Structure formats: structure tokens, C-alpha cells
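> The structure follows.
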Amino acid sequence: MFNYKIVKDLNYSDKQMFDLIIDVEKYPEFLPWCKSTNIYDKGTNIFYSDMEIGFNLIKEKFTSRVTTLNSKKIHSEAISGPFNKMNNIWEIENLSHNKCRITLNIEFDFKSFLLRNLMGKLFEVSAIKMIDAFENRANYLYKN
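The working numbering applies: residue 48 is where the sequence shown begins, and numbers increase by one.
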């Protein structure tokens, strides 16, 4: 099982970052390993997402249940696919008018021994690249 926590202060409002993180349909536009997404069964605080991810020659598909709490917390849990367990929990804290703190807790374990060993070596680097991709996307969307 892999666990990682990243905390980062950003010069964007909590609403801007929440809107960016929850917009899973746009992930293929800026997350390098996200190849496609399909969103369905959208409710008030919940939806489901099919996602295809790829690392070089390895491609995997999985389904996640995504839930939100008060525009401050986003929980994505894999319910099918290559994971024994996969949870991403985003927490967004307002610091001032245009500044927020995002905390990402990642927890996952692959069913496949091969994927588990491969990702074990790349896990921390991938988590940091993911946060950087979200920050770069915020720069693209929100900088005047």
C-alpha cells in the first residue's frame, strides 16, 4: 500500500481550485497520464467516473465514485479496475481572498505485482507531478 500527503499553498481562491479539481472531464487536457474520462450518474454531491490512465506501454481503466462535501473536500474512491484500494482525498482551505491551501492524501494499492513494483518506484514523483499539473492548469485558467 502506498500513502502520500502533499500540502501546497496556492494564489487562487478555494472556489477556483475546487472547480478545477472537480472538473474530472477536463483531466485528459492537463494530466499527462490521463488518457480519457467519462462522467455519469451525476447527483448533487456524487458522480461516477470511468478513467483510462497510461504509463508508457501500460494502460489501465478504472471506475471511481467521486463525492464532495461543502465545496471543501473531494473524495475519489476506485470501485473497479486495477486497484485493491485507491483513495484520493482533496481538502481545500481558504487562506484569504485569493489564496488557499490544498491538501491531497493519496492511498492506493495495485492488484498487479508488476504495477505495484513499477509504481512503488515512481509514486512520489507522480504525486508531485500531479499537484504541479493542477497548479499549471490553474495558472492557465485563472491568470489574467
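Heads up, the beta-carbon is just placed ideally off N, CA and C, and yes, glycines get one too. For clarity, every value in this text was computed on a predicted model and none was experimentally measured.
Between the segment 84 to 95 and the segment 180 to 191, do at least 3 Cβ pairs fall closer than 8 Å?
Contact between the segment 84 to 95 and the segment 180 to 191 is absent, because fewer than three Cβ pairs lie under 8 Å.
> Does the segment 78 to 88 come close enough to the segment 146 to 162 to have 3 or more Cβ pairs within less than 8 Å?
Taking 8 Å as the limit for Cβ pairs, the verdict is that the segment 146 to 162 does not touch the segment 78 to 88.
> Where do the N-terminal and C-terminal ends of the alpha helix (DSSP H) with E154 fall, by residue?
No alpha helix (DSSP H) holds E154; the beta strand (DSSP E) holding it covers K146 to F157.
> Could you tell me the alpha carbon to alpha carbon distance between V113 and I69, rounded to whole angstroms?
Those two C-alpha atoms are separated by around 9 Å.
> Can you give me the C-alpha to C-alpha distance between S111 and D97, rounded to a whole angstrom?
Going from the Cα of S111 to the Cα of D97 covers about 7 Å.
> Determine the direct distance from the alpha carbon of T150 to that of N134, and round the result to whole angstroms.
Whole-angstrom Cα-Cα distance: 13 Å.
> Which residue's Cα is closest to the Cα of L104: I86, K82 and N152?
Nearest C-alpha to L104: K82.
> Return the residue from the list N50, I53, Y59 and V54 that minimises the CA-CA distance to Y187.
Nearest option by C-alpha distance: Y59.
> Within the same chain, show all residues whose beta-carbon is closer than 7 Å to that of L67, passing over the 5 residues directly before and after it, in chain order.
Same-chain partners within the cutoff: F181, R184, A185 and L188.
> Quick one: residues in its chain with C-beta nearer than 8 Å to the C-beta of K62, no 5 flanking neighbours on either side, listed in chain order?
Around K62: S118.
> For the alpha helix (DSSP H) that contains Y4, what are its first and last residues?
This structure leaves residue 4 out entirely; the chain is present only between 48 and 191.
> I175: buried (16+ other C-beta within 10 angstroms of its C-beta) or exposed?
Exposed, because fewer than 16 other Cβ atoms sit within 10 Å of the Cβ of I175.
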